[in-house]
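A.B. asks:
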Amino acid sequence: MEFERKQIDEEPKKLGKIDSVNTDSISTDSVKKKDAFSLIDRQVSESDLKSLGTLRWLLNEHDKYEECIKQLDDYKEKFYNCDKEKSVIEEKLKNSTSFDILYSLSLSAGSALIGVAPSISDDISKWILPIIGGLLFIGGIITKIVHK
Numbered sequence: 000m001e002f003e004r005k006q007i008d009e010e011p012k013k014l015g016k017i018d019s020v021n022t023d024s025i026s027t028d029s030v031k032k033k034d035a036f037s038l039i040d041r042q043v044s045e046s047d048l049k050s051l052g053t054l055r056w057l058l059n060e061h062d063k064y065e066e067c068i069k070q071l072d073d074y075k076e077k078f079y080n081c082d083k084e085k086s087v088i089e090e091k092l093k094n095s096t097s098f099d100i101l102y103s104l105s106l107s108a109g110s111a112l113i114g115v116a117p118s119i120s121d122d123i124s125k126w127i128l129p130i131i132g133g134l135l136f137i138g139g140i141i142t143k144i145v146h147k
């Protein structure tokens with residue numbers, strides 16, 4: 000008789016009944032939270048309301064729901080506050096980004112004009128370009144200082 004050699008890492012080819020699961024047999028309806036009072040008749044009669052235990056139970060449930068409502072109102076208020084803060088921060092970020100672009104642009108343009116000025120042979124442009132470049136450069140620095 001010849002025996003087949005199995006590799007150590009080889010998976011078994013046949014699955015037993017224990018290894019396989021029929022996913023069609025499990026429905027999502029069968030996995031529900033069970034409530035102790037789910038099968039009780041929901042109608043409350045006058046005689047039930049006269050019972051002290053029923054009244055205490057109803058008042059206890061009412062208190063629980065009021066506490067839940069208070070907690071939800073607190074979370075609702077916190078949500079709206081966070082939403083407002085988020086909007087304010089987003090606007091500040093947009094404003095900050097535009098100021099950073101203005102700062103970078105004015106520094107770059109001012110530096111470029113100051114750098115190009117000595118290479119121009121025209122006497123008037125030799126003085127006007129560095130003045131405009133210096134104003135742009137200083138304006139960019141002032142913009143950055145004021146924005147902080």
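Number 72 in numbering that gives the first Met the number 0 belongs to position 73 of the sequence shown; there are no gaps in the numbering. Quick reminder that beta carbons are idealized off the backbone N, C-alpha and C, glycines included.
#1: Identify the continuous alpha helix (DSSP H) that holds Ala116 and give its terminal residues.
#2: Let me make sure I understand the geometry here. Which of Ser95, Tyr74, Asp47 and Ser50 has the alpha-carbon closest to that of Ile144?
#3: Within the chosen definition, does the region 99 to 108 reach the region 133 to 144 through at least 3 CB pairs nearer than 8 Å?
#4: In the structure shown, what three-state DSSP assignment does Lys147 receive?
#5: Can you look up Gln70 in the DSSP assignment and give me helix, strand or coil?
#6: Take Ile123 and list the residues in its own chain whose beta-carbon comes closer than 6 Å to its own, dropping the five residues that flank it on each side.
#7: Taking the alpha carbon of Ile181 as the point to measure from, which residue in Trp56, Glu45, Ala108 and Asp121 has its own alpha carbon closest?
C.D. replies: Put simply:
#1: Careful: Ala116 lies outside any alpha helix (DSSP H) and carries neither H nor E.
#2: Ser95
#3: yes
#4: coil
#5: helix
#6: none
#7: With the chain covering only 0 through 147, there is no way to say anything about residue 181.
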